[in-house]
Every structure is written in C-alpha cells, then in structure tokens.
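Peer 1:
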Amino acid sequence: MLYKRTRPTQETQFQRQARQPLFWRLSATDLRQSANLILDAIVRDNGKLEEMRAGESIPASNVPAANLWGVYAMLAGLSLENLAKGTVIKKFPELVGSAALADTLTSGSHRLGPLFAKAGIALNADERRFLGACSECILWAGRYPVPKKASARPT
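With the working numbering applied, the sequence shown corresponds to residues 141 to 295, in that order.
This is how it looks when you write it as structure tokens:
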C-alpha cells in the first residue's frame, strides 16, 4: 500500500490560519512595528521643525515624515483591528467559514469601537476617541486626500 501526502487545500489553510488568534496577533505586531517606525520619523522631523527660528524656512524634503500622522494612525488602527478580530474569532470560531470570514466580522469592521465591543474589550473615553480617529484613518484619512463624501469629513 502506498501513502501519498497531499497538500492542504486553500480552504483548509485559510481556516487553519483564520481561526488561530496567533496569526492575527502576528499580523497586528507587524503593523504596529511599521506604525512605530513611521512615528519615530514623525517625531524626528517635527523636532527639526520645532528647532526652527521665526522666519526660517526648511525644504519639505528635509522633513519628509512631518505630515504622516494619518498613515501612522491607519497602521496603528489596522494593528488594533487585527488584535480585536483575533479576540472575536477566538470567542466565536464559527465566524470563519469554509472559505471566507463571516460578513458580521468584515462588514464595517474598520469601525474599531463596535469591533472592540464585539470582542468584549472595555474602553475608557480617551481610548474610544483614539479608536474613532484610527477608524477614520483606516477608512480614508491614511489613504486618500478626501473621504468618499464631504459629509464624512469631521468638522
């Protein structure tokens, strides 16, 4: 009798990884590290701007990261989203279907406040505000110069 080792199907690999909170945490860690690299550059470049004297100018090319707050918050938000989704999936593994994540996990999932509530993670007012800002950066402010609709821009 011969035994043949078969490769797991795409669906099997998908389910194995999607149901494992460790994979969500590893992805969150990569995103957080990327966000922190950008934050370090923002702090460095804004320090250069703070050192300027009144009337002095500096080429924008000398402070390329000075205005990357939206990108930083987008990556930080995506990191938090992955942590929350991993927590939700640990509690509700049935949200991972045979070949896709359930709509309840993906529809509107960039809204971090409701996602954290679904994960059962309590937040204080400052944390809710931070998640709201990160949500906006994930949705548009970290990617595009304007939202899809003018009404989506905070006043």
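Beta carbons: idealized from backbone N, C-alpha and C, even for Gly. Keep in mind the model is a prediction, meaning the values are calculated, not measured.
Return the CA-CA distance between G260 and S291, expressed in angstroms with no decimal places.
Peer 2: Locating residue 260 in the sequence shown gives position 120, where the first residue counts as 1. Locating residue 291 in the sequence shown gives position 151, where the first residue counts as 1. Rounded to the nearest angstrom, the gap between the Cα atoms of G260 and S291 is 30 Å.
Peer 1: What separation, rounded to the nearest whole angstrom, lies between the Cα atoms of C277 and L218?
Peer 2: Indexing the sequence shown from 1 puts residue 277 at position 137. Indexing the sequence shown from 1 puts residue 218 at position 78. Rounded to whole angstroms, the gap between the alpha carbons of C277 and L218 is 9 Å.
Peer 1: Pick from G210, R268, L255: whose alpha carbon is nearest that of A224?
Peer 2: The sequence position of residue 224 within the sequence shown is 84, counting from 1. A224 has its Cα closest to that of L255, out of G210, R268, L255.
Peer 1: One question on the structure: do L245 and L235 come within less than 8 Å of each other, judged by their Cβ atoms?
Peer 2: As a first step, residue 245 is located in the sequence shown; it is residue number 105 there, counting from the start. As a first step, residue 235 is located in the sequence shown; it is residue number 95 there, counting from the start. In this structure, L235 lies closer than 8 Å to L245 by Cβ.
Peer 1: Secondary structure at V183, three-state DSSP: helix, strand or coil?
Peer 2: The residue given as residue 183 occupies position 43 in the sequence shown. Helix.
Peer 1: Tell me whether the beta-carbon of A206 lies closer than 8 Å to the beta-carbon of N186.
Peer 2: For this step, residue 206 is matched to residue 66 along the sequence shown. For this step, residue 186 is matched to residue 46 along the sequence shown. Contact flag set, yes.
Peer 1: Three Cβ pairs or more, each shorter than 8 Å: is that satisfied between the segment 162–170 and the segment 191–210?
Peer 2: no
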